[in-house]
Ligand SMILES: Nc1ncnc2c1ncn2[C@@H]1O[C@H](COP(=O)(O)OP(=O)(O)OP(=O)(O)O)[C@@H](O)[C@H]1O
Ligand SMILES: [Mg+2]
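Protein chains in written order, with this note's numbering: chain U, 1 to 241; chain X, 242 to 503; chain B, 504 to 862.
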């Protein structure tokens, strides 16, 4: 839907510090149109900070952030408005669609897409964690969004659900391609989803390894690409020799 | 399945039965005390006398008039303080400096018993509905404003981030994000301050009024009619409880349920 | 059901309008108390003007509801509505706000008001005597001297009871702090005495009779034994009303005087008449009015300079009043009729039950 628009997202020489805590130092990051970039790194290294800089919730101390296109973030959890139903939460993403009929159709499509038919009128607190994350995803995908920032969206889920959600995400992105920056602790996730993995060092964060994965998605969890990629990342993080 | 259904229905019965039993026990105790003259008649009227005075007050139309007078004053004072207090709390909650500047003052007035205002209420508003409305306002404005304020100040920042992602701005941000996110707390604050209002109205009507439930007690006392005073006390208690039950229904609304189920 | 802002507002509006309508009953005509040129629906079709007079449910103010009743059942030019109050501070507030322009009030309070610049005049008196010092039925107190170190309740610092008891202590050679005085609302006095919280109290009727009737109190002194022609309350009128509507005040004083004369000789009927106005037990009122003629009297109610000077002197001595007000400023006797004819109230017209919705 927004294919015509050129999407660009870049950090150039960005540094950021909270008070005296320096979190990022002269970081450069370029995200290509339609690419899925996955950031992995130790806890507290500044991944969430990067996303906040990209989305504009934070202004960098120095450096430049460049973004065109509509950005939406999928949070780890509790990003849904609890006073709105599933349907209403999804409709938030469709606010700019003025045609009611089209909005209604789009909403139905999205509910269908995330397999939540029958739950349209449920409130977030009546859903399971996995269902909630799917609603968040649907909301972020709705309407004219170009870029998805995802901050550990599946980390609160159990392992099986996480595996399933990963497949779901791949399926959904196939139908609605987006430019994605995805933060995770889960190396499996990175290996299965990414076009490009950026391994970050601990604070202040710098990119210490960049991995391109050319194998098309969906990727088999026990397939050689995933295993190889995981090995490389683990080595980079100093967890395997 | 059948078994569990059975227990839940018998639990429900118990839920009704137990309070009724306690109530009956209290009335029985009252009857025993009055009939054994444990207290002299002038110190504790008999249930019979109270029932009779209830009938009398009801038939003369006084009781209805007093109930309406009290409800009217509480309603007006309460709506006034909600329409001013909640926006004030919203504003204060969003402005750190204003909050720092005003909170000590608000707290000062909150801890000042509204009854302390009685002399001024009468001086400024003379007698009639106005002083009572003023006292209700003074009793409920500050707790409401403070509760709203602290609710706003503690809204998770993630809601505002999401709101920014989805382009909520200005008045829409206020009515579609800020307000609903504190609605559960506002409802709780409303219930609490309604409780204060109902307690205050009785005291407020003892001076400067010519009708109302509080006045009814005062008047009964002047007329050396404790039976009618007890009748008014019962009406006040029952009404207060009933209205609180009504307000409690607000917490059952689906779009605030989340606030009470976490 | 969804909780929307609109629905909330609608709900509030509905509740408020319903209550407001019920409260002010706009469909009921004749609800405006301030309406002038009222011709009321009573037997007396001639009344063309109306005045509201304040009173408290004490026998000292008995002539007020009697006048109310008389103005509706006999020939008068003015319709009088009695408006009951429950305490004097409220009466003062109503008077200052001119919500009532004539009211009964304890005399020292009227002096205090005058002193503070509220232009009020004493036009007539409520009744004579009508107060007693009450002690516990089985107490060994025989005279004021026995009250030394004991607790005695009085209704207000500005009550004549307070003034009089201090004069009496003087006469007995007692010090002002020999008796511990406690200010109590009159209705609480009988019960406080019964509970033993106080040893004696000095107040107006019917709060004395109550203790006697319930069997735990007895009279130690009648007011008239301490201070002959004891005055407790007076009819106080705002000067504005006297200036603007002297005819109404004339009617008022005549009506009150006539009611007093009637009550003096129709005591049983008077008790029956006022009990619904006072919302008090007829038995108690009947006892006050009929048990002993020493208790109350409704004659000789024209305020005299000596009467009030005596009270003023005592008030200044107690430092409750601060300056001497000339009697001509305080008293207005010109409305007192030369000849007082008892109100021609028809006993048969006194209802047996409470007049509904009496306000
Ligand atoms: N609001 C803040 N104020 C001060 N310091 C902050 C703030 N937010 C983050 N930090 C600091 O910045 C560092 C990076 O935080 P950030 O949340 O970006 O880490 P992260 O990589 O997302 O960690 P995690 O994987 O645990 O979520 C942290 O070490 C923290 O100390
Ligand atoms: Mg993080």
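Here a beta-carbon is modelled for each residue, glycine too, at the ideal position from N, C-alpha and C.
Query: Closer than 5 Å is what we want: which residues have a beta carbon that near any heavy atom of ligand 1? List them in chain order.; Result: U:18, U:23, U:43, U:44, U:45, U:46, U:47, U:48 and U:49
Query: Any C-beta of chain B sitting closer than 8 Å to the C-beta of residue 281 (chain X)?; Result: yes
Query: Extract the residue ranges of the beta strand (DSSP E) inside the stretch 162-232 of chain U, only unbroken runs of 3 or more that lie entirely within it.; Result: 179-184, 196-200 and 207-212
Query: May I have the straight-line CA-CA distance separating residue 466 (chain X) from residue 712 (chain B), to the nearest angstrom?; Result: 14 Å
Query: Would the beta-carbon of residue 53 (chain U) fall within 8 Å of that of residue 77 (chain U)?; Result: no
Query: At the 8 Å Cβ level, is residue 562 (chain B) part of the contact set with chain X, yes or no?; Result: no
Query: Check the DSSP bridge columns for residue 734 (chain B) and list the partner residues they point to.; Result: B:631
Query: To the nearest angstrom, report how far apart residue 762 (chain B) and residue 777 (chain B) are at their CA atoms.; Result: 12 Å
Query: Skipping 5 residues on each side, what residues in its chain have a beta carbon closer than 7 Å to that of residue 259 (chain U)?; Result: Absent from the model: residue 259 (chain U). The displayed extent of chain U is 1 to 241, so no value can be given.
Query: Provide the residue span of the beta strand (DSSP E) that contains residue 605 (chain B), from first to last.; Result: 605-609
Query: Flag residue 16 (chain U) as yes if its beta-carbon sits less than 8 Å from any beta-carbon of chain X, otherwise no.; Result: no
Query: Can you give the Cα-Cα distance for residue 557 (chain B) and residue 498 (chain X), rounded to whole angstroms?; Result: 53 Å
Query: Is the stretch 293-308 of chain X touching the stretch 351-363 of chain X in the sense that three or more CB pairs, one from each, lie closer than 8 Å?; Result: no
Query: Can you find the residues in the same chain that come closer than 8 Å, C-beta to C-beta, to residue 309 (chain X), ignoring five residues on each side of it along the sequence?; Result: none
Query: Straight-line CA distance for residue 653 (chain B) to residue 583 (chain B)?; Result: 44 Å
Query: Using only the alpha-carbon positions, how far apart do residue 514 (chain B) and residue 524 (chain B) sit?; Result: 15 Å
Query: So if I threshold CB-CB distances at 8 Å, which residues from the stretch 64-75 of chain U count as touching chain X?; Result: 71, 72, 73 and 75
Query: Return yes when at least one heavy atom of ligand 2 lies under 7 Å from the C-beta of residue 182 (chain X), else no.; Result: Residue 182 (chain X) is absent from the model: chain X starts at 242 and stops at 503.
Query: Let me confirm a value: residue 663 (chain B) is counted as buried when at least 16 other C-beta atoms fall within 10 Å, else exposed. Which label applies?; Result: buried
Query: Beta carbon of residue 659 (chain B), beta carbon of residue 463 (chain X): below 8 Å?; Result: no
Query: Any heavy atom of ligand 2 closer than 7 Å to the CB of residue 78 (chain U)?; Result: no
Query: Can you find a CB in chain U that lies within less than 8 Å of the CB of residue 491 (chain X)?; Result: no
Query: Nearest chain U C-beta to residue 245 (chain X) closer than 8 Å, yes or no?; Result: Any reading at residue 245 (chain X) is ruled out, since the residue's pLDDT is 49, under 50, leaving its predicted position unreliable.
Query: Could you pull out every residue in the same chain whose Cβ sits closer than 6 Å to the Cβ of residue 231 (chain U), ignoring the five residues on either side in sequence?; Result: none
Query: Based on Cα-Cα distance, which residue from B:591, B:626, B:650 and B:731 lies nearest to residue 831 (chain B)?; Result: B:626
Query: Please name the residues in the stretch 458-480 of chain X whose beta-carbon is closer than 9 Å to at least one beta-carbon of chain B, in chain order.; Result: 459, 460, 461, 462, 463, 464, 465, 466, 467 and 469
Query: If you draw a straight line from the alpha carbon of residue 815 (chain B) to that of residue 807 (chain B), how long is it in whole angstroms?; Result: 12 Å
Query: Could you list which residues in chain X have their beta carbon closer than 8 Å to that of residue 95 (chain U), in chain order?; Result: 407 and 408
Query: What residue range is occupied by the uninterrupted beta strand (DSSP E) comprising residue 151 (chain U)?; Result: 147-151
Query: With a CB to CB cut of under 8 Å and the five nearest residues on each side skipped, what residues in its chain are close to residue 689 (chain B)?; Result: 561, 658, 706, 707 and 710
Query: Use the C-beta contact count for residue 520 (chain B): other C-beta atoms within 10 angstroms, 16 or more gives buried, fewer gives exposed.; Result: exposed
Query: From residue 667 (chain B) to residue 764 (chain B), what distance separates their C-alpha atoms?; Result: 26 Å
Query: Should residue 195 (chain U) be counted as a contact of ligand 2 given a C-beta to heavy atom distance under 7 Å?; Result: no
Query: With a Cβ-Cβ cutoff of 8 Å, do residue 81 (chain U) and residue 70 (chain U) count as a contact?; Result: no
Query: Just tell me which of B:564, B:581 and B:597 has its CA closest to the CA of residue 366 (chain X).; Result: B:597
Query: Measure the alpha-carbon distance for residue 444 (chain X) versus residue 614 (chain B) and round it to whole angstroms.; Result: 29 Å
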